[in-house]
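Engineer: Provided herewith is a single structure, encoded as structure tokens, for subsequent inquiry.
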Amino acid sequence: LQKQFSRLQSLINQDGTVYNETESHSAQPSSASQMIPQSIIIGVRKGGTRALLEMLDIHSDIVVAATEVHFFDWDENYEKGLEWYRNLMPLSYPHQTTIEKTPGYFTSAKAPERIHDMNSSTKLLLILRDPTERVISDYTQVYYNRLESHKSVQPIEEIVIKNGVLNTKYKAVQRSLYDFHMSNWLKYFPLDQIHIVDGDTLIRNPLPELRKVETFLKLPPRIMASNFYFNHTKGFYCLRNDGRERCLHESKGRPHPVVNSTVLAELRAYFREHNERFFSMVKKSFNWH
Numbered sequence: 001l002q003k004q005f006s007r008l009q010s011l012i013n014q015d016g017t018v019y020n021e022t023e024s025h026s027a028q029p030s031s032a033s034q035m036i037p038q039s040i041i042i043g044v045r046k047g048g049t050r051a052l053l054e055m056l057d058i059h060s061d062i063v064v065a066a067t068e069v070h071f072f073d074w075d076e077n078y079e080k081g082l083e084w085y086r087n088l089m090p091l092s093y094p095h096q097t098t099i100e101k102t103p104g105y106f107t108s109a110k111a112p113e114r115i116h117d118m119n120s121s122t123k124l125l126l127i128l129r130d131p132t133e134r135v136i137s138d139y140t141q142v143y144y145n146r147l148e149s150h151k152s153v154q155p156i157e158e159i160v161i162k163n164g165v166l167n168t169k170y171k172a173v174q175r176s177l178y179d180f181h182m183s184n185w186l187k188y189f190p191l192d193q194i195h196i197v198d199g200d201t202l203i204r205n206p207l208p209e210l211r212k213v214e215t216f217l218k219l220p221p222r223i224m225a226s227n228f229y230f231n232h233t234k235g236f237y238c239l240r241n242d243g244r245e246r247c248l249h250e251s252k253g254r255p256h257p258v259v260n261s262t263v264l265a266e267l268r269a270y271f272r273e274h275n276e277r278f279f280s281m282v283k284k285s286f287n288w289h
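Using UniProt numbering, you'd call the opening residue of the sequence shown number 1 and step up by one each time.
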């Protein structure tokens, strides 16, 4: 498997296409092809990855994968090889940037090295939000999924607090330890290859955050204020492009349960030190409680 992967990796062209040995060197370039992503949204779960992907999809020089691929974090997919991965990408023209998003990559122990092995020049996009709010959003998604499956649900307070102390083994809490996960990525990628999007700001005021992403990806500024309108019913921005209007899926922006203030305080106190460590790592601070 490793030999096969190494061979495929060696056949990746600079533009992300996979070189086809059966084609003549003198052959004319095809108009469109499936390319290995030049940029990947690596996370974080419930950080706003879907919103970011759909907003970037407005840009005429960006094409996005339709689904979360889970190539670098799921062994059963990774073992299928790079060609399998490329075949899941959309068709694109040489001037376009292909982006896929799988939020599980950020918290995966294996994903950083695997992405680096594929292409050490990959530009990584990481969208984060207040870690306490992210925990509640994570819980909310599971809560609604269980309700829809007619399964029992536990109040968040009973999951977060066990025997009077914070349950730090709760997966939603673990996912919000941004410093821990970031340290793994920085072993393989320089900080200037990882652009951090402020997920809280993106939802309130999308354009400035998207302009920074365009700059990071070295793309001309094509996303405009006219591409967004505020939907007062949903309480967040929806998209307008090519005469069509659309909002994120109804599962996005669902109301969060009211959480006991003591539990919120416990979570915020626990994350405080981790947040400060993360700010130091990325040389940037965020307005997290």
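Every residue gets a Cβ at the ideal spot worked out from N, C-alpha and C, and that includes glycine.
Work out the CA separation of N87 and R268 for me, nearest whole Å.
Structural biologist: For R268 and N87, the distance between alpha carbons rounds to 43 Å.
Engineer: Among the residues of its own chain, which have a CB less than 7 Å from the CB of K284, if the five just before and after it don't count?
Structural biologist: Contacts found: I196.
Engineer: Using the rule of at least 16 other Cβ atoms within 10 Å of the residue's Cβ for burial, across every protein chain shown, is N275 buried or exposed?
Structural biologist: Buried.
Engineer: If you draw a straight line from the alpha carbon of V258 to that of M35, how long is it in whole angstroms?
Structural biologist: In a straight line, the C-alpha of V258 is about 44 Å away from that of M35.
Engineer: Quick one: what does DSSP say E113 is sitting in, helix, strand or coil?
Structural biologist: Residue state, collapsed to three classes: helix.
Engineer: Does the structure place the stretch 128-148 close enough to the stretch 232-247 that three or more beta carbon pairs sit under 8 Å?
Structural biologist: The stretch 232-247 vs the stretch 128-148: no contact.
Engineer: What does the alpha-carbon distance come out to for the pair I159 and L248?
Structural biologist: When rounded, the distance between both Cα atoms is 29 Å.
Engineer: Express the C-alpha separation of S60 and L52 in angstroms, rounding to a whole number.
Structural biologist: About 15 Å.
Engineer: Looking at M89: is its Cβ nearer than 8 Å to the Cβ of P131?
Structural biologist: Taking 8 Å as the Cβ cut-off, M89 and P131 do not qualify as a contacting pair.
Engineer: So for V44, helix, strand or coil by DSSP?
Structural biologist: Looking at V44 - three-state DSSP - the assignment turns out to be coil, as it is neither helix nor strand.
Engineer: Which full runs of the beta strand (DSSP E) of 3+ residues lie inside the stretch 54-92, going along the chain?
Structural biologist: Qualifying beta strand (DSSP E) stretches, in chain order: 62-64.
Engineer: Looking only at C-alpha atoms, which of D117, P103 and W288 sits nearest to L126?
Structural biologist: Nearest of D117, P103 and W288 to L126, Cα basis: P103.
Engineer: Taking buried to mean at least 16 other C-beta atoms within 10 Å of its own C-beta, is S176 buried or exposed?
Structural biologist: Answer is buried; the Cβ neighbour count reaches 16.
Engineer: Please go through the same chain and pick out, in chain order, the residues whose beta-carbon is closer than 8 Å to the beta-carbon of L56, but skip the five residues on each side of it.
Structural biologist: Correct list, in chain order: I62, V64, I99, L210, V213 and I223.
Engineer: Just verifying my parser: in three-state terms, what is the DSSP assignment at K171?
Structural biologist: Looking at K171 - three-state DSSP - the assignment turns out to be helix.
Engineer: What residues in its chain sit with their C-beta under 6 Å from that of R114, if we drop five residues either side in the sequence?
Structural biologist: For R114, where only same-chain residues beyond five positions count, the Cβ hits under 6 Å are F72.
Engineer: Tell whether a beta-carbon distance below 8 Å holds between H187 and P255.
Structural biologist: One detail in the question is off: residue 187 reads as Lys in this sequence, not His. Result no, Cβ atoms of K187 and P255 do not sit closer than 8 Å.
Engineer: Is R129 helix, strand or coil when you go by DSSP?
Structural biologist: In the structure shown, R129 sits in coil (DSSP, three-state: anything other than H, G, I, E or B).
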